[in-house]
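Have a look at the structure below before the remarks.
Residue numbers (my numbering): 615 to 906.
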């Protein structure tokens, strides 16, 4: 007999326009850009890291950067974009919060909220736009076999999403019910039907997408993998949240991550502000590629 569980269809969501944001994109980027050069011995460590990155790229080896959300919250996204555009990074990885703050910056140039103020009021994380669009991007991307990072990067880069029709999804499922993507298509079909989401192109402008890391990674065909935890992120508190879609897309990403780890001979692995996700995902991927 199943245990009692809450019904997510009853979640009340609120517009982002009514939220008091703690972070402003222009201010955070300004602080990051105006920061002075590091002192020794950090400066020497950076020189050695730069030498190793140059060596790795000369030898066509991977240069992987795994980061936590604070790198984005502190305005360093444009710095990562410069490294992507210059061809220095071959793979980026973050957790759920890293993608959420990035998306909110790209969408409204502001992010962050007070847990102390909002959690007791039942409004922490219950934001319509953040939950709707990131969850829809995951659902649509998973149905196409995309990873979570690519799904969200594509939505930002293209300023919108193409929602398939119910008929299109049903035909694909019935044509091959055992296809690896049939389950993801069924998930999407169920959500579209339940929420009454119409098919077709849905425009969603991202006026500040130039600062978005997944957008830049998508445009330059550099994989950006997302490694979320179920229940860790605010998009869980939205009626459109679908753990199956998040799990499918994140599983695709972890396989992409492992493929990059497999190219780390003479390469570089950088971990910034991720004391748990980065080493945990890396050790499993490292074992996997040594197993295959």
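We put the beta carbon where it would ideally sit given N, CA and C, even for glycine.
Because the structure is a prediction, the values reported are computed rather than measured.
For residue i, which of helix, strand or coil comes out of DSSP?
i, result
"residue 830", "helix"
"residue 633", "coil"
"residue 840", "strand"
"residue 620", "coil"
"residue 736", "coil"
"residue 918", "Residue 918 lies beyond the range of the chain shown here (615 to 906); nothing can be said about it."
"residue 879", "coil"
"residue 676", "coil"
"residue 861", "helix"
Checking the sheet assignment: what are the DSSP bridge partners for residue i?
i, result
"residue 817", "774"
"residue 628", "741"
"residue 681", "708 and 886"
"residue 725", "637"
What number of angstroms, rounded off, separates the C-alpha of residue i from the C-alpha of residue j?
i, j, result
"residue 622", "residue 871", "31 Å"
"residue 842", "residue 710", "5 Å"
"residue 799", "residue 891", "29 Å"
"residue 639", "residue 732", "21 Å"
"residue 828", "residue 749", "15 Å"
"residue 811", "residue 662", "52 Å"
"residue 790", "residue 627", "37 Å"
"residue 856", "residue 809", "12 Å"
"residue 735", "residue 686", "27 Å"
"residue 624", "residue 844", "19 Å"
"residue 852", "residue 669", "45 Å"
"residue 824", "residue 671", "25 Å"
"residue 875", "residue 895", "10 Å"
"residue 665", "residue 658", "11 Å"
"residue 773", "residue 654", "43 Å"
"residue 893", "residue 708", "12 Å"
Name the two residues that bound the continuous alpha helix (DSSP H) containing residue i.
i, result
"residue 884", "Counting along the chain, residue 884 falls outside any alpha helix (DSSP H), though it belongs to the beta strand (DSSP E) covering 882-886."
"residue 780", "780-789"
"residue 665", "656-672"
"residue 848", "Where residue 848 is concerned, there is no enclosing alpha helix (DSSP H), given that its DSSP letter is neither H nor E."
"residue 905", "891-905"
"residue 699", "691-699"
"residue 799", "796-809"
Check whether the Cβ atoms of residue i and residue j sit closer than 8 Å, and answer yes or no.
i, j, result
"residue 818", "residue 775", "yes"
"residue 847", "residue 762", "no"
"residue 667", "residue 830", "no"
"residue 727", "residue 634", "yes"
"residue 717", "residue 766", "yes"
"residue 886", "residue 679", "yes"
"residue 877", "residue 675", "yes"
"residue 755", "residue 863", "yes"
"residue 644", "residue 681", "no"
"residue 826", "residue 719", "yes"
"residue 745", "residue 849", "yes"
"residue 683", "residue 859", "no"
"residue 741", "residue 630", "yes"
"residue 646", "residue 688", "yes"
"residue 838", "residue 724", "no"
"residue 694", "residue 836", "no"
Check for me: the beta strand (DSSP E) holding residue i runs from which residue to which?
i, result
"residue 705", "705-708"
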